[in-house]
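Below is one structure; the comments refer to it alone.
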Amino acid sequence: MRSVGTLTRADLADTINHEVGLSRADAAQMVESVLNHMTDALENGENVKISGFGTFLLRDKGERVGRNPKTGVEVPITPRRVLTFRASQIMKERIMASE
514 MRSVGTLTRA DLADTINHEV GLSRADAAQM VESVLNHMTD ALENGENVKI
564 SGFGTFLLRD KGERVGRNPK TGVEVPITPR RVLTFRASQI MKERIMASE
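Structure follows, in C-alpha cells:
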C-alpha cells in the first residue's frame, strides 16, 4: 500500500485499482497517461491547473549575477526556465487543518 512519507505512482495506481475497480495494469496505465499528458503540456510551455489541488507554473528567469559563497567572486547565472507549484486555497486549508 502507501509508502511512509512519499506517495508514489504505484500508490496512485493501487488506489485507482481499489476504488474504481480497474485492473492493476489498467490503473498503472491511467496514471502514466495522466502524468504524460501533464508533462507534454509543460514541455509545450503551458501551465497545468488542477482545480482544488494546485497549479504547475513555468517561469522564465532572466540572467543575473550570483556570488560564490566561499570566495565571494561574482558569477553570471544564465537565464533558464523553472517549474514551480502553487497549491490551491482548498489544498492549503486541508493541509493546515490536518496539523
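With positions in the sequence shown counted from 1, the corresponding number in the working numbering is that position plus 513. Cβ coordinates follow ideal geometry from the N, Cα and C atoms, glycine included.
- The alpha-carbon separation between residue 597 and residue 569 amounts to approximately 6 angstroms.
- With 16 or more other Cβ atoms inside 10 Å of its own Cβ, residue 544 counts as buried.
- Using a C-beta cut-off of 8 angstroms, the segment 557-568 makes contact with the segment 600-612, since at least three inter-stretch Cβ pairs fall below that distance.
- DSSP places residue 548 inside the alpha helix (DSSP H), whose first and last residues are 537-556.
- In this chain, the alpha helix (DSSP H) harbouring residue 525 covers 522-533.
- Cβ contact annotation for residue 562 (same chain, cutoff 7 angstroms, sequence separation greater than five): 568, in chain order.
- Buried is the label assigned to residue 529, since at least 16 other Cβ atoms lie within 10 Å of its Cβ.
- The alpha carbon of residue 593 has as its nearest neighbour, out of 546, 538, 541 and 572, the alpha carbon of 572.
- Burial check for residue 610: the Cβ neighbour count within 10 Å stays below 16, so the residue is exposed.
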